Ligand code: SF4
Ligand code: SF4
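Protein chains in written order, with my numbering: chain X, 1 to 312; chain A, 313 to 543.
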């Protein structure tokens with residue numbers, strides 16, 4: 001009875017389900033804590049999907065197609081059961097695989113049948129591809145936006161030069177994410193939501209041509225040469241652009257760059273290294289949360305010391 | 313004459329003459345490179361049939377060879393691995409030039425799934441998935457074995473299916489020790505683990521997040537894997 005009542009309420013408020021993904025509970029805890037603080041301040045309500053599972057990232061699809069649709073589809077079905085029409089994911093990889101699953105079950109009848117067969121056996125209700133997938137950044141931009149951010153700033157990020165790194169799969173490919181095709185989606189070639197929000201928080205956003213280049217993604221460990229090369233290119237470009245810090249929005253990209261730093265210093269020297277922070281950590285600081293609240297000490301790139309030195 | 317996309321020509325078919333004279337005229341320099349003629353006769357429709365029949369590879373039939381995918385490809389252009397050429401992989405698969413395709417076994421696995429190609433393809437080819445599908449076909453034919461990436465992906469699936477949620481630390485630890493990646497030596501891993509303990513982020517082993525009732529889901533996942541699933 002209780003559960004049913006809850007579903008109704010959710011529908012009325014158009015509740016959004018939050019899909020944390022695997023990293024947010026572990027390595028990316030700083031992202032979760034800071035994201036939750038920021039959306040709470042902005043009055044955006046989300047509810048965690050209970051008992052969610054890994055979305056399969058970009059790895060599972062090379063092993064098995066059906067499994068790569070089934071895993072994210074289970075999460076989407078759980079969200080639908082909660083009465084949510086929207087799933088918010090803070091990770092580019094999750095946005096990709098969840099929206100890819102949506103496409104797979106809507107565009108192909110036989111895929112839908114197979115996936116629903118699996119879902120039934122796994123004890124989950126069937127799924128029709130109707131839950132919309134959004135990145136946390138899009139949600140903050142659409143539901144609050146620069147205006148609301150500006151009005152919540154207690155400690156403006158004045159003087160802080162930021163390079164906004166969006167990464168690959170936030171908007172790409174549009175055939176899955178709808179970017180550039182649907183309303184409320186960022187521009188796939190020139191995303192600007194993060195730029196606008198951080199500017200509203202008082203930061204100076206630098207012109208950064210590496211905004212959407214790859215970080216090496218799922219090959220971070222398997223193809224070291226590539227992952228190191230891309231991480232170094234991102235930091236190098238941030239340095240060229242005159243940034244003090246790099247702001248991120250994907251736990252995978254964030255951790256890839258950070259864990260590559262020791263090797264980058266060894267190969268290219270430390271002049272190109274910049275502290276890397278989740279955009280929600282920066283917004284959190286601007287909203288008056290302490291460095292500790294947004295867990296800056298969690299970062300592997302000296303973010304806490306750097307922000308302290310810069311007067312935050 | 314200058315040769316466009318020279319890297320697509322086998323090295324032993326490129327003839328560079330120290331001195332080249334045509335009708336008594338010295339044409340050395342950049343006009344001194346020639347390609348040895350060859351005739352390809354063995355075409356098979358198997359590759360295209362196989363790739364086009366998978367859900368991931370079905371869009372291969374739309375490709376009109378414009379090269380937009382390769383022009384912006386992370387691996388080809390940004391990383392500079394010229395042999396990695398998605399437009400050409402598709403061309404060879406469409407043509408069924410199997411012997412040519414086999415030569416790309418050492419590089420085709422290096423696609424990083426950045427999806428720039430899919431984003432930009434004017435014909436709606438899901439290039440990245442098509443490339444992976446071609447790779448899958450090549451592996452099924454025994455033209456290539458497992459690769460560092462495929463071993464990672466297999467380990468990822470195994471790790472995830474244990475409890476329903478990925479344990480990045482355990483996956484990385486077991487992978488780097490099996491692959492003997494010196495860079496992630498004990499010192500590196502220990503430093504990382506210490507930091508995670510200090511910041512309360514260890515949830516590996518018995519501490520890891522568990523999905524309630526996962527056993528049932530895992531059985532279905534195993535059934536999918538055993539049944540081959542589609543693609
Ligand atoms: S961009 Fe599309 S149509 Fe053009 S070569 Fe690549 S796959 Fe073919
Ligand atoms: S997804 Fe793969 S093939 Fe496509 S642009 Fe990126 S690296 Fe190249």
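Quick reminder that beta carbons are idealized off the backbone N, C-alpha and C, glycines included.
Keep in mind that this is a model prediction, so the values were computed, not measured.
For residue 92 (chain X), the CB contacts under 6 Å within the same chain, skipping 5 residues up- and downstream, are 167, 169, 170, 250 in chain order. Flagged as an interface residue toward chain A: residue 214 (chain X), by a C-beta distance shorter than 9 Å. Distances taken from the Cβ of residue 21 (chain X) to the heavy atoms of ligand 1 include none shorter than 8 Å.
Below the 9 Å Cβ cutoff, chain A contributes no neighbours of residue 274 (chain X), its closest Cβ being approximately 19 Å away.
DSSP places residue 40 (chain X) in the helix class (H, G or I) of the three-state scheme. Taking the Cα positions, residue 326 (chain A) is about 56 Å away from residue 119 (chain X). Approximately 5 Å separates the beta-carbon atoms of residue 150 (chain X) and residue 200 (chain X); this is inside 8 Å, confirming the contact. Annotation: residue 361 (chain A) has no Cβ neighbours in chain X at a cutoff of 8 Å; minimum Cβ distance is about 17 Å. Between residue 188 (chain X) and residue 211 (chain X), the C-beta spacing is not below 9 Å. The residue from X:52, X:24, X:205, X:138 with its alpha-carbon nearest to that of residue 81 (chain X) is X:52.
Closer than 8 Å to some heavy atom of ligand 1: that does not describe the Cβ of residue 174 (chain X). Annotation note: the segment 401–449 of chain A contains no uninterrupted beta strand (DSSP E) run of length 3 or greater.
Cα atoms of residue 255 (chain X) and residue 27 (chain X): separation of roughly 8 Å, rounded to the nearest angstrom. Close to residue 63 (chain X), with beta-carbon spacing below 7 Å, are these residues of chain A in chain order: 465, 466, 469. Take residue 106 (chain X), set aside five residues on each side of it, and the residues of its chain with a beta-carbon closer than 7 Å to its own are 129, in chain order.
Taking a C-beta distance under 9 Å as the contact criterion, residue 437 (chain A) and residue 375 (chain A) qualify as a contact pair. Contact annotation for residue 188 (chain X) against chain A: 431 [CB-CB distance below 7 Å, chain order]. Using a Cβ distance threshold of 9 Å, residue 202 (chain X) and residue 160 (chain X) count as a contacting pair.
Apart from the 5 residues on each side of it in sequence, residue 233 (chain X) sits with its Cβ closer than 8 Å to the Cβ of 210, 213 in its chain, given in chain order.
Buried is the label assigned to residue 114 (chain X), since at least 16 other Cβ atoms lie within 10 Å of its Cβ. With a beta-carbon spacing of about 6 Å, residue 370 (chain A) and residue 364 (chain A) fall inside the 8 Å limit used to define contacts.
Here residue 427 (chain A) has 440 as same chain residues with Cβ atoms under 7 Å from its own Cβ, once five neighbours each way along the sequence are excluded. Inclusion of residue 283 (chain X) and residue 23 (chain X) in the CB contact set at 9 Å is not warranted, their separation being larger than that value. DSSP, reduced to helix, strand and coil, places residue 338 (chain A) within a strand of the structure shown. In this structure, the straight-line span from the alpha carbon of residue 278 (chain X) to that of residue 398 (chain A) is close to 33 Å.
Cβ proximity to chain A below 7 Å picks out 118, 121, 122, 123 from the segment 116–147 of chain X. Taken in chain order, the unbroken stretches of alpha helix (DSSP H) that lie wholly in the segment 81–166 of chain X and span 4 residues or more are 92–107, 109–121, 136–143, 145–152. Listed by position along chain X, the residues whose Cβ is nearer than 8 Å to that of residue 492 (chain A) form an empty set, because the closest Cβ is around 12 Å away. Secondary structure remark: continuous alpha helix (DSSP H) runs of at least 4 residues inside the segment 28–77 of chain X, in chain order: 29–41, 60–63. Taking 8 Å as the cut-off, one finds at least one heavy atom of ligand 2 near enough to the beta carbon of residue 388 (chain A).
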